[in-house]
Amino acid sequence: MKPLIRKLTLGLAVATSLLSTSPSFAEPFLGEIAWVPYNFAPRGWASCDGQLLPITQHNALFSLLGTVYGGDGRTTFALPDARGRVMIHEGQGPGLTNRRLGDKWGEEQVTLQTSQIPSHTHRQQASSGSPSSTSPEENVLASPSRTQLYADDADIDMSADNISYTGGNLAHNNMQPYTTLHCIIALVGIYPSRN
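FYI, the numbering for the sequence shown is -26 to -1, 1 to 169, going by mature numbering (1 follows the signal peptide of the UniProt record, and there is no 0).
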C-alpha cells in the first residue's frame, strides 16, 4: 500500500509541476506593453497616453525608458503615447528608412501638392462663334471652322475662364482601417534581463 501511495504522490507532484504557471508568465516584464479591450489600466499598469511620471517613484521603469518618450530626465519621464498611432518595430528594414524608439511619423489628413497629383488633363473652354481678336491674350479660343486659331506666341496668360478650375484644396483622410483597443504599460513586474 505504501509503494502505491508513494507512486501516486510522486505522479501527482510531477503532474502539478507541469501544470503550474511559472512566475515569468504570471507577472509581466517591467515596461511590457499590452493591448486590452477595456477602457482602463488595471492595478500595476498605466495607459500609454504620454503621461509624465516622477522618476523617484518609478526609477526602475525610468532606467528602461529614459526620456525617449519625453520628460525632463531630472524629475520626470514620459510613457509612450499610443493614442492615434500604429505601433511599428524600431530599426531599419530592407529598403526602408531607419526608425528609432520614440519616433512619430505620419499624418491623419493630407493635402496633396501639385507635384503629388497624377498627370491629367483639363477641359478647355472655347467658343464656336467668330473670333473677335487675333490674340489669345485675355480671351478664350474661338473659331467657326477648324483652322489654326492663333499663329502668335502661345506662352502668354489667357483669360482665367479659358480652363476650368478643379479641386477644393481640402485635406483627405490618410488613415488605414483600424480597430481601437486600449494600450497599457506595466509599471511593476520583472526587470527584463538583456541575456
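Glycine included, C-beta positions come from ideal geometry on N, C-alpha and C.
Secondary structure of residue i, DSSP reduced to three states
i      : result
T(-6)  : With a pLDDT of only 42 at T(-6), under the threshold of 50, the placement of this residue in the model should not be trusted; the figure read from the coordinates follows. Residue state, collapsed to three classes: coil.
A34    : helix
L39    : helix
D83    : The sequence given here has Gln at residue 83, not Asp. Looking at Q83 - three-state DSSP - the assignment turns out to be strand.
S89    : helix
A56    : coil
L(-17) : Bear in mind that the predicted position of L(-17) carries a pLDDT of just 49, short of 50, making it too unreliable to give a figure here.
A20    : strand
From the options, residue whose alpha carbon lies closest to that of residue i
i   : options                   : result
Y12 : V162, S93, T153 and G163  : T153
W79 : R168, N169, M61 and N33   : M61
P7  : A(-1), F14 and A20        : Sequence check: residue 7 is Ile here, not Pro. With distances taken between Cα atoms, I7 lies closest to A20.
F14 : G163, N169, H156 and S167 : H156
The beta strand (DSSP E) enclosing residue i, as first and last residue numbers
i    : result
C157 : H156 to A160
F51  : T50 to A52
T10  : The question names Thr, yet the displayed sequence has Val at residue 10. Element bounds for V10: I7 to V10.
P28  : L26 to P28
A145 : It is not in any beta strand (DSSP E) - A145 carries neither H nor E in the DSSP assignment.
Cβ contact check for the stretch 66 to 73 and the stretch 32 to 45: 3 or more pairs under 8 Å = Not touching, per the Cβ criterion.
Inter-stretch contact (C-beta, 8 Å, three-pair minimum) for the stretch 48 to 55 and the stretch 145 to 153 = Between the stretch 48 to 55 and the stretch 145 to 153, the count of C-beta pairs closer than 8 Å stays below three; the two stretches do not touch.
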